[in-house]
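Numbering-wise (our numbering), the sequence shown opens with residue 38 and increments by one. Yeah, the Cβ is synthetic: ideal placement off N, Cα and C, and Gly gets one too. Predicted model only: the values in this text are computed from it and were never measured. Structure, as structure tokens:
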Amino acid sequence: MTATASPRVAAASARPAPRPPSDRLRTWATRAPLLPALLFMIVVTQLPFVATVVISFFDWNALYPKDRHFTGIDNYRQVLADPDLRHSVWTTVLLTVTVVLVSLVLGLLVALLLNRRFRGRGLVRTLMIAPFLVVPVAAALLWKHVLYNPEYGLLNGLLHYVGGPQPDWISDNPLLAVEAALVWQWTPFMMLILLAGLQSRDQQQLEAARVDGASDWQIFRYLTLPHLRRYLELGGLLGSIYIVQNFDAVFTITSGGLGTANLPYTVYQSFYQAHENGLASAAGVVVVIGSIVIATFALRVVSSLFREEVSRA
Numbered sequence: 038m039t040a041t042a043s044p045r046v047a048a049a050s051a052r053p054a055p056r057p058p059s060d061r062l063r064t065w066a067t068r069a070p071l072l073p074a075l076l077f078m079i080v081v082t083q084l085p086f087v088a089t090v091v092i093s094f095f096d097w098n099a100l101y102p103k104d105r106h107f108t109g110i111d112n113y114r115q116v117l118a119d120p121d122l123r124h125s126v127w128t129t130v131l132l133t134v135t136v137v138l139v140s141l142v143l144g145l146l147v148a149l150l151l152n153r154r155f156r157g158r159g160l161v162r163t164l165m166i167a168p169f170l171v172v173p174v175a176a177a178l179l180w181k182h183v184l185y186n187p188e189y190g191l192l193n194g195l196l197h198y199v200g201g202p203q204p205d206w207i208s209d210n211p212l213l214a215v216e217a218a219l220v221w222q223w224t225p226f227m228m229l230i231l232l233a234g235l236q237s238r239d240q241q242q243l244e245a246a247r248v249d250g251a252s253d254w255q256i257f258r259y260l261t262l263p264h265l266r267r268y269l270e271l272g273g274l275l276g277s278i279y280i281v282q283n284f285d286a287v288f289t290i291t292s293g294g295l296g297t298a299n300l301p302y303t304v305y306q307s308f309y310q311a312h313e314n315g316l317a318s319a320a321g322v323v324v325v326i327g328s329i330v331i332a333t334f335a336l337r338v339v340s341s342l343f344r345e346e347v348s349r350a
């Protein structure tokens, strides 16, 4: 009798004890203030996206609102098959990869310089962050008129002073002109992330390497660079999320002309100029899906960084 009853007793003891009603009420009381914010976020973000997904399955021109019909995935096929749309996808990839890689390299160099102690380092850091704080449209206008203008721009003014040529920067190198403006704006962002990574290094490990006779290059290659891998990944992923969706620089500097139209500008062009609501919605959904994929990797990198910091603490 005792032998048969003991497993039941053990199983019963292994089950978690039910939470009393007071604990459940306390839990819901702490969550209740967050419910309005959650509902607000759902209404503001998710419902418009659901509406965009629904519209993307329709052939819907804004000039003929009553002449709309369900077309399935034809809009997505057109997004992937149309030469102009495919070129905009390629331009988006090229623009994103170039800006992210160049910004990471320049941000790493600036972070290595600012990690050293010198007089006025705080002021220099503040000045280096300033480009990232400029409104994107204002930054694009600054580059278009103050720097790139062939008649009164600063770049041609310097070339005129040394007797150099007077190129039309936007017409001759349109995509490079957009990339340079974005690199100038996003290098401080990369610098901040990498500077935080440099300051989180184990100083005792660095001192031990110097005592053992390691050179600065060896310390950077075998200690600093592996330590910065997660921070480089984080900066690259976060930068990719925002640059994939960049619209301001393309619209302001080139107006999408000369082969610089990326996917967000193509969405704008399809919606506001061609009035193709369904096609523009399909292209927008493609942009969102790509951003979600990149954001998923970014969240994984952030969580791994937090786990490393917690384990180190």
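Using beta-carbon positions only, say whether I280 and L336 come within less than 8 angstroms of one another. no
If contacts are defined as beta-carbon pairs under 8 angstroms, then W223 and S140 qualify, I think. What distance do you get, rounded to the angstrom? Yes, W223 and S140 are in contact; Cβ-Cβ is about 4 angstroms, under 8 angstroms.
Contact defined as beta carbons within less than 8 angstroms: I believe V248 pairs with V116. What is the distance between those atoms, to the nearest angstrom? With a beta-carbon spacing of about 59 angstroms, V248 and V116 fall beyond the 8 angstroms limit used to define contacts.
Going by DSSP in three states, D205 sits in which element: helix, strand or coil? Annotated three-state conformation of D205 is coil, per DSSP.
Could you tell me the alpha carbon to alpha carbon distance between A99 and R105, rounded to whole angstroms? 9 angstroms
With a threshold of 7 angstroms on Cβ separation, who are the neighbours of G273 within its own chain once the five nearest residues in sequence on each side are excluded? Excluding the 5 residues flanking it on each side, G273 has same chain C-beta neighbours closer than 7 angstroms at V137, L141, in chain order.
DSSP beta-bridge partners for D253? None; D253 has no bridge partner.
So for M38, helix, strand or coil by DSSP? Here the model assigns M38 a pLDDT of 44, short of 50, so the residue's position is not dependable and the matter cannot be decided.
Output the boundary residues of the alpha helix (DSSP H) element that contains G109. It is not in any alpha helix (DSSP H) - G109 carries neither H nor E in the DSSP assignment.
By DSSP, does A49 sit in helix, in strand, or in coil? In this prediction, A49 scores a pLDDT of 49, lower than 50, which makes its location untrustworthy; the coordinate-derived value is nonetheless stated afterwards. Note: A49 maps to helix in three-state DSSP.
Once the 5 residues before and after A42 are set aside, which same chain residues still bring their CB inside 8 angstroms of it? Residue placement at A42 is flagged as unreliable, the pLDDT there being 49, under the threshold of 50; a coordinate-derived value is accordingly withheld.
Between the alpha carbons of R63 and F77, how many angstroms are there, rounded? Between the alpha carbons of R63 and F77 lies a distance of about 23 angstroms.
Is I290 buried or exposed, if buried means 16 or more other CB atoms sit within 10 Å of its CB? buried
Measuring from the CB of I278, is there a heavy atom of the ligand HEM at a distance below 7 angstroms? Of the ligands one can find in the structure shown there are none, so the ligand HEM has no counterpart to examine.
Is the segment 195–204 touching the segment 231–251 in the sense that three or more CB pairs, one from each, lie closer than 8 angstroms? no
Considering only C-alpha positions, which residue in the set I92, P73, M228, P70 is nearest to G315? I92
Same chain, Cβ closer than 7 angstroms to A177, five either side skipped, listed in chain order: A218, D285, A286, T289, I290
What separation, rounded to the nearest whole angstrom, lies between the Cα atoms of N152 and G296? Rounded to the nearest angstrom, the two C-alpha atoms are 40 angstroms apart.
N186 to S208, Cα distance in whole Å? Looking at the two C-alpha atoms, the distance is approximately 10 angstroms.
When DSSP labels each residue in this structure, what does F95 get in the three-state scheme? Strand at F95.
Tell me which residues share the same chain as E341 and place their Cβ nearer than 7 angstroms to its Cβ, disregarding the 5 neighbours each side in the sequence. A small correction: the amino acid at residue 341 is Ser; Glu does not occupy that position in the sequence shown. R267, listed in sequence order.
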